[in-house]
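J.:
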Amino acid sequence: IAGITQAPTSQILAAGRRMTLRCTQDMRHNAMYWYRQDLGLGLRLIHYSNTAGTTGKGEVPDGYSVSRANTDDFPLTLASAVPSQTSVYFCASSEGQANNEQFFGPGTRLTVL
Amino acid sequence: GENVEQHPSTLSVQEGDSAVIKCTYSDSASNYFPWYKQELGKGPQLIIDIRSNVGEKKDQRIAVTLNKTAKHFSLHITETQPEDSAVYFCAASKQTGANNLFFGTGTRLTVIP
Numbered sequence: 319i320a321g322i323t324q325a326p327t328s329q330i331l332a333a334g335r336r337m338t339l340r341c342t343q344d345m346r347h348n349a350m351y352w353y354r355q356d357l358g359l360g361l362r363l364i365h366y367s368n369t370a371g372t373t374g375k376g377e378v379p380d381g382y383s384v385s386r387a388n389t390d391d392f393p394l395t396l397a398s399a400v401p402s403q404t405s406v407y408f409c410a411s412s413e414g415q416a417n418n419e420q421f422f423g424p425g426t427r428l429t430v431l
Numbered sequence: 013g014e015n016v017e018q019h020p021s022t023l024s025v026q027e028g029d030s031a032v033i034k035c036t037y038s039d040s041a042s043n044y045f046p047w048y049k050q051e052l053g054k055g056p057q058l059i060i061d062i063r064s065n066v067g068e069k070k071d072q073r074i075a076v077t078l079n080k081t082a083k084h085f086s087l088h089i090t091e092t093q094p095e096d097s098a099v100y101f102c103a104a105s106k107q108t109g110a111n112n113l114f115f116g117t118g119t120r121l122t123v124i125p
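So the protein lines, in turn, are chains A and B.
Position in the first sequence (first residue = 1) + 318 = the numbering used here.
Position in the second sequence (first residue = 1) + 12 = the numbering used here.
Printed below as a string of structure tokens:
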């Protein structure tokens, strides 16, 4: 069982470029999330999806977009990357919406120059 | 929104000693408090959680206590082992349409053999 996979593992990107971070889960979880992790700030929620076809904004959504066309996939897109988006990005999923354990992927380390 | 503060940011203990990490939260409506362990290069993993209807929960060497009046909760690790070395995050959430976890800034625990 793979759980949650993320791709790429790491990426260096020029500012202004478009980038999509991929996330796939095989647990048939309804809810999925994207977090960014920055030193000294912990993890902050970017966007979430409670079920396929719906998405919502988290704490820090600006500059990011998501889609949830099916249960398994939840890609995160940076339309025009900026250096402040340099971070480690984690995708997570949970069985339900409220108060259920979130399972995290291995992360994508993104550097925007 | 919710504000979760976590202390200390770093903690070193001798193998076999106990470690305590403390968190406070601001939103009295929060009712779910998980703790995550993050090893180097990996995503966070849930180690224990507590809900607002209980004051303490224990799982082998790990325990969590919750004081809703004071709005703080703590992680206790007894008989620490080198494999306990990691970054630990507390989080808080309330039962709403989105399972938004608000994370603390993390504690880097080092267990010295």
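The beta carbon of each residue, even a glycine, is placed where N, CA and C say it ideally should be.
Using DSSP's beta-bridge definition, name the partner residues of F114 of chain B.
T.: DSSP lists B:A104 as partners of F114 of chain B.
J.: Can you tell me whether Q72 of chain B is buried or exposed, with buried defined as 16 or more other CB within 10 angstroms of its CB?
T.: Q72 of chain B comes out exposed.
J.: How big is the Cα-Cα spacing for T323 of chain A and V99 of chain B?
T.: Answer to the nearest angstrom: the Cα atoms are 21 Å apart.
J.: Does the beta-carbon distance from H84 of chain B to T36 of chain B come in below 7 Å?
T.: Contact: yes.
J.: If we cut at 7 Å on Cβ distances, does L394 of chain A have a partner in chain B?
T.: For L394 of chain A, the answer is no, since every Cβ of chain B falls outside 7 Å of its Cβ.
J.: Look at E413 of chain A and H347 of chain A and say whether their C-beta atoms are less than 7 Å apart.
T.: Result yes, Cβ atoms of E413 of chain A and H347 of chain A sit closer than 7 Å.
J.: Would a check of beta-carbon distances place G371 of chain A closer than 7 Å to chain B?
T.: Cβ-Cβ to chain B under 7 Å: no for G371 of chain A.
J.: Going by beta-carbon coordinates alone, are V123 of chain B and V32 of chain B separated by less than 7 Å?
T.: Against a cut-off of 7 Å, the Cβ pair of V32 of chain B and V123 of chain B comes out as no contact.
J.: How would you write the range of the beta strand (DSSP E) that H84 of chain B sits in, first residue to last?
T.: That run of the beta strand (DSSP E) goes 84 to 89.
J.: For a test of the three-state rule: what should DSSP assign to E68 of chain B, helix, strand or coil?
T.: E68 of chain B: strand per DSSP, three-state reduction.
J.: With a CB to CB cut of under 7 Å and the five nearest residues on each side skipped, what residues in its chain are close to K375 of chain A?
T.: Around K375 of chain A: H365.
J.: I want to see whether chain B comes within less than 7 Å of P326 of chain A, judged by CB atoms only; does it?
T.: No - not a single Cβ of chain B is within 7 Å of the one on P326 of chain A.
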